[in-house]
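Enquirer: Just so you know, the sequence shown maps onto residues 749 to 888 in the numbering used here.
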Amino acid sequence: MANQNLSRPFLIEFNGQFVVNPKMDDNMAFDGRIPASIGDRANAAVFELHNGVLHKAGGLGPPMHFGRFRIEPLAFMPMPVYWIPQREMVQQCNYAGEEDSPTVFESSGFHLGVLPGQENLVRAMPPGMFPGSEMKVHWQ
Numbered sequence: 749m750a751n752q753n754l755s756r757p758f759l760i761e762f763n764g765q766f767v768v769n770p771k772m773d774d775n776m777a778f779d780g781r782i783p784a785s786i787g788d789r790a791n792a793a794v795f796e797l798h799n800g801v802l803h804k805a806g807g808l809g810p811p812m813h814f815g816r817f818r819i820e821p822l823a824f825m826p827m828p829v830y831w832i833p834q835r836e837m838v839q840q841c842n843y844a845g846e847e848d849s850p851t852v853f854e855s856s857g858f859h860l861g862v863l864p865g866q867e868n869l870v871r872a873m874p875p876g877m878f879p880g881s882e883m884k885v886h887w888q
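1. Is the segment 834 to 851 close to the segment 787 to 794, with three or more CB pairs under 8 Å?
2. Spatial neighbours of G800 within its chain, please: C-beta separation below 7 Å, excluding the five flanking residues on both sides.
3. Could you give the C-beta distance for F795 and A805, rounded to a whole number, given that I count them as a contact under 8 Å?
4. Sorted by chain position, which residues of the same chain lie with C-beta nearer than 6 Å to A844's C-beta, five sequence neighbours on each side aside?
5. With a threshold of 16 other CB atoms inside 10 Å of the CB of H886, please say whether the residue is buried or exposed.
6. Can you give me the Cβ contacts of I786 inside the same chain, cut-off strictly under 7 Å, excluding the 5 residues immediately before and after it?
7. From Y830 to K771, what does the alpha carbon distance come to, in whole angstroms?
8. Identify whether A692 lies in helix, strand or coil by the three-state DSSP scheme.
9. Taking its Cβ as the centre, do 16 or more other Cβ atoms sit within 10 Å of I819, making it buried, or is it exposed?
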């Protein structure tokens, strides 16, 4: 599949807020999944995209991968996006747009973004279902 690699690290911004580093706290699921959220640039996660997997670049803690959980219900509705320690448990991801200016990240046809009033959580939804959600990539 095309568009599964980006050549340099980057930040992901949705509507002026950045995807932040995972918090290792009580929000972790029994399998280590952490709901992905947005916040200030000071806490922004630095990403890399290699072979269709978004992952946290550098930093402290264990390696963490970013995306939809491999095992989820088949539904045409917003799906959670997580930080996941096991690479094999993350669904593949690719980007749309040019390599120097991706416009959206998608996983199994669902676009990543945020919904208004969803406690700043990142979601994956069918295209066109993110009213006003705008993504920007900031190269590092």
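Every residue gets a Cβ at the ideal spot worked out from N, C-alpha and C, and that includes glycine.
Expert: Let me spell this out:
1. no
2. M749, Q752, Q840, C841 and N842
3. 6 Å
4. T851 and V852
5. exposed
6. F762, Q765, F766, V767, V768, V862, N868 and V870
7. 11 Å
8. Residue 692 is absent from the model: the chain starts at 749 and stops at 888.
9. exposed
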